[in-house]
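Residues in the sequence shown are numbered consecutively from 1, following the numbering used here. Positions of the beta carbon are idealized from the N, C-alpha and C atoms, including for glycine. Fair warning: this is a prediction, and the values are worked out from it, not measured in the lab. Take a look at the structure below.
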Amino acid sequence: MDKKFYLQGGEDEMEFMPIIPLNEDEDGSADEQAVPAEIPILALRNTVLFPGVVLPITVGRDKSIKAVTDAYKADKLIGVVAQKDSNVEEPAVSDLEDIGTVAKIAKLIKMPDGGTTIIIQGRKRCKIQEITSDDPYFKAKIEVLTEVS
């Protein structure tokens with residue numbers, strides 16, 4: 001079965017994007033993409049991403065836009081963590097949860113209003129071991145956590 005959902009671009013534009021099942025690439029093969037030891041980190045407010053979940057995220061902060069753009073140009077993988085306090089506009093390391101999810105950026109969309117929206121798919125849980133950089137965006141050494149069945 002071919003699963004698709006629709007992204008509304010402009011008034012007359014509509015784009016079809018296949019939803020790729022977890023652990024499968026567009027060609028249907030298993031996704032064994034290695035997770036690098038260090039990846040960009042995206043802090044989310046009021047949202048928690050779980051493995052297997054596909055989410056559209058509107059990215060607003062300059063740091064976050066740079067992180068997702070760089071990740072999309074590279075291997076499309078990004079660490080996604082929740083902010084402890086959603087009222088903090090520019091989170092520091094202490095404002096981030098240390099458990100998150102490695103996600104694949106399936107699509108990066110530049111919106112007509114200048115904003116950026118990404119479609120991300122949660123892959124594996126991860127733990128931040130060490131924040132290695134916070135400029136121009138957070139980068140961290142992570143440990144991929146094994147799933148408990």
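Item to check | 8 angstroms Cβ cutoff met for A37 and V81 | outcome: Taking the first residue of the sequence shown as position 1, residue 37 is located at position 37. Taking the first residue of the sequence shown as position 1, residue 81 is located at position 81. For A37 and V81, no; Cβs fall outside 8 angstroms.
Checklist entry - Since A71 is in the alpha helix (DSSP H), which residue starts that stretch and which ends it? => result Indexing the sequence shown from 1 puts residue 71 at position 71. A71 -> alpha helix (DSSP H) spans D62 to K73.
Next on the checklist: So, under 8 angstroms CB-CB, A103 and R123 are touching, yes? Tell me the CB distance rounded to an integer number of Å.
Outcome noted: As a position in the sequence shown, residue 103 is number 103, starting the count at 1. As a position in the sequence shown, residue 123 is number 123, starting the count at 1. Contact holds; Cβ gap of about 6 angstroms.
Item to check | Where S133 sits in the DSSP three-state scheme | outcome: As a first step, residue 133 must be located in the sequence shown, where it is residue number 133. DSSP places S133 in strand when its eight states are reduced to three.
Item to check | Start and end residues, beta strand (DSSP E) containing L108 | outcome: Within the sequence shown, the letter at position 108 stands for residue 108. Start and end: I99 to K110.
Item to check | Rounded Cβ spacing between Y72 and I109 (contact assumed at less than 8 angstroms) | outcome: Sequence index remark: in the sequence shown, residue 72 carries index 72 (1-based). Sequence index remark: in the sequence shown, residue 109 carries index 109 (1-based). Actually they do not touch by this definition, with Cβ atoms about 10 angstroms apart.
Next on the checklist: Looking at the secondary structure, which residues open and close the beta strand (DSSP E) in which V217 lies?
Outcome noted: Past the boundaries of the shown model lies residue 217; the chain is included only from 1 to 149, so the question cannot be answered.
Item to check | Reference Q121, options N46, V59, K76 and K63, closest by Cα | outcome: The sequence position of residue 121 within the sequence shown is 121, counting from 1. Distance from the Cα of Q121 is smallest, within the candidate group N46, V59, K76 and K63, for K76.
Checklist entry - What distance in whole Å lies between the Cβ atoms of V54 and V144, which are believed to be in contact at a cut-off of 8 angstroms? => result As a first step, residue 144 is located in the sequence shown; it is residue number 144 there, counting from the start. As a first step, residue 54 is located in the sequence shown; it is residue number 54 there, counting from the start. Incorrect: roughly 19 angstroms between the Cβ atoms, too far for contact.
Checklist entry - Skipping 5 residues on each side, what residues in its chain have a beta carbon closer than 6 angstroms to that of K66? => result Mapped onto the sequence shown, residue 66 falls at position 66. Same-chain partners within the cutoff: P136 and Y137.
Next on the checklist: If distances are taken between C-alpha atoms only, which option among G52, I39, I41 and D62 comes closest to T116?
Outcome noted: Here residue 116 refers to the residue found at position 116 when the sequence shown is read from its first residue. It is D62 whose Cα lies nearest to the Cα of T116.
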